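What follows is one structure encoded as structure tokens, with my remarks underneath.
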């Protein structure tokens with residue numbers, strides 16, 4: 007009948023048909039009534055799944071609206087469990103592009119930008135984390151971030167947080183999330199790169215790279231950001247080298263390479279974190295056009311055989 011034909015066409019026409027559907031061999035052994043009953047069972051199951059998914063979407067939409075209200079009413083001088091929970095929940099949700107777009111439409115991205123000026127380091131850190139997750143790897147979201155001046159606010163905060171010292175736990179965590187957000191706005195996005203360059207991003211990266219007390223995780227993010235951006239030949243703008251920052255960067259990376267080499271020589275065995283950081287440093291130097299003679303001759307900076 008028509009109902010059976012419709013269910014058959016829809017269910018078997020899905021990109022990934024439900025595994026509970028009868029296969030060709032099973033269909034041959036079924037009566038028309040049994041076949042229709044099997045299709046009907048899978049159809050009802052699929053409808054229940056769709057209904058559940060729609061309810062979850064509605065729930066997440068309501069959660070985003072509620073969390074945005076919390077951000078809107080937040081004080082810039084006081085934190086609260088409700089504010090931190092709103093930021094944590096929102097960061098998780100905006101990793102889905104539909105939720106991120108909804109968040110922007112509610113004004114949430116601009117509210118997070120404002121919270122970068124909060125007096126509490128944890129709130130600033132969570133705000134930067136949320137911004138990064140919302141705009142990461144999506145051109146429309148990156149453009150929305152530029153429109154509200156997010157890059158200058160991130161750079162201002164990073165400059166204040168320098169040198170991102172390992173001794174300053176909260177400050178180092180904030181630096182890491184600020185760099186995460188800056189990478190999210192600039193990776194694969196030339197307009198974001200240009201704005202970051204003109205705002206002095208390269209100079210700040212140089213300062214972290216040459217700071218002896220810089221936190222290890224922060225330094226890894228700086229090196230990865232340099233390697234990714236300067237290695238992106240299609241979108242990386244030519245004025246990365248403006249004002250001599252290319253020479254400053256090469257000097258800082260070379261100094262860091264020398265320090266890492268000396269440190270590894272004093273150790274019986276190099277730990278995996280240091281090894282990966284050394285490899286990333288070599289990639290960063292190559293992407294920046296620096297002289298890599300020092301690192302090319304040292305096994306510490308080379309990828310082990312059998313690895314890409």
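Numbering (our numbering), first residue to last: 7 to 314.
Idealized CB from N, CA, C, for every residue including glycine.
Keep in mind it's a predicted model, so treat the numbers as computed, not measured.
Three-state class that DSSP yields for residue i in the structure shown
| i | result |
| --- | --- |
| residue 220 | strand |
| residue 311 | With a pLDDT of 46 at residue 311, under the threshold of 50, the modelled position of that residue is not reliable, and the figure given next carries that caveat. Residue 311 falls in the coil class under three-state DSSP. |
| residue 154 | coil |
| residue 74 | helix |
| residue 47 | helix |
| residue 100 | coil |
| residue 36 | coil |
| residue 142 | coil |
| residue 19 | coil |
| residue 125 | coil |
| residue 288 | helix |
| residue 305 | helix |
| residue 11 | helix |
| residue 249 | Only weak support is given to the placement of residue 249: the predicted model assigns it a pLDDT of 47, under 50, and the question is left unresolved by the model. |
| residue 28 | coil |
| residue 275 | coil |
| residue 193 | coil |
| residue 182 | helix |
| residue 237 | coil |
| residue 80 | coil |
Sequence-distant residues of the same chain with beta carbon closer than 6 Å to residue i, five excluded per side
| i | result |
| --- | --- |
| residue 44 | 28 |
| residue 141 | 147, 148, 151, 190, 191 |
| residue 101 | 139 |
| residue 16 | none |
| residue 96 | 73, 136 |
| residue 270 | 276, 306 |
| residue 42 | 10 |
| residue 222 | none |
| residue 13 | 45, 49 |
| residue 313 | Only weak support is given to the placement of residue 313: the predicted model assigns it a pLDDT of 49, under 50, and the value that follows is read from those uncertain coordinates. Taken in chain order, the list of residues that qualify is empty. |
Beta-bridge pairing of residue i - partner residues as DSSP gives them
| i | result |
| --- | --- |
| residue 85 | Its beta-bridge partners do not exist; DSSP assigns none. |
| residue 171 | 220 |
C-alpha gap between residue i and residue j, whole angstroms
| i | j | result |
| --- | --- | --- |
| residue 306 | residue 156 | 37 Å |
| residue 104 | residue 48 | 28 Å |
| residue 201 | residue 177 | 24 Å |
| residue 296 | residue 256 | 5 Å |
| residue 86 | residue 188 | 26 Å |
| residue 94 | residue 77 | 12 Å |
| residue 36 | residue 55 | 26 Å |
| residue 132 | residue 163 | 13 Å |
| residue 209 | residue 252 | 9 Å |
| residue 308 | residue 264 | 15 Å |
| residue 106 | residue 123 | 22 Å |
| residue 183 | residue 134 | 6 Å |
| residue 262 | residue 304 | 14 Å |
| residue 172 | residue 224 | 9 Å |
| residue 219 | residue 274 | 22 Å |
| residue 280 | residue 181 | 19 Å |
| residue 121 | residue 203 | 23 Å |
| residue 33 | residue 26 | 12 Å |
| residue 108 | residue 98 | 14 Å |
| residue 81 | residue 198 | 29 Å |
Limits of the alpha helix (DSSP H) - the one that residue i falls within
| i | result |
| --- | --- |
| residue 105 | 103-111 |
| residue 298 | Per DSSP, residue 298 belongs to no alpha helix (DSSP H) and is neither H nor E. |
| residue 206 | Premise fails: residue 206 is in no alpha helix (DSSP H) and is neither H nor E. |
Cβ neighbours of residue i in the same chain (closer than 7 Å, five flanking residues each side left out)
| i | result |
| --- | --- |
| residue 233 | 286, 289, 290, 293 |
| residue 258 | 212, 215, 216 |
| residue 267 | 304, 306 |
| residue 229 | 283, 286, 287, 290 |
Own chain residues within Cβ distance below 8 Å of residue i, not counting five before or after
| i | result |
| --- | --- |
| residue 205 | 157, 158, 161 |
| residue 260 | 291, 296, 297, 300 |
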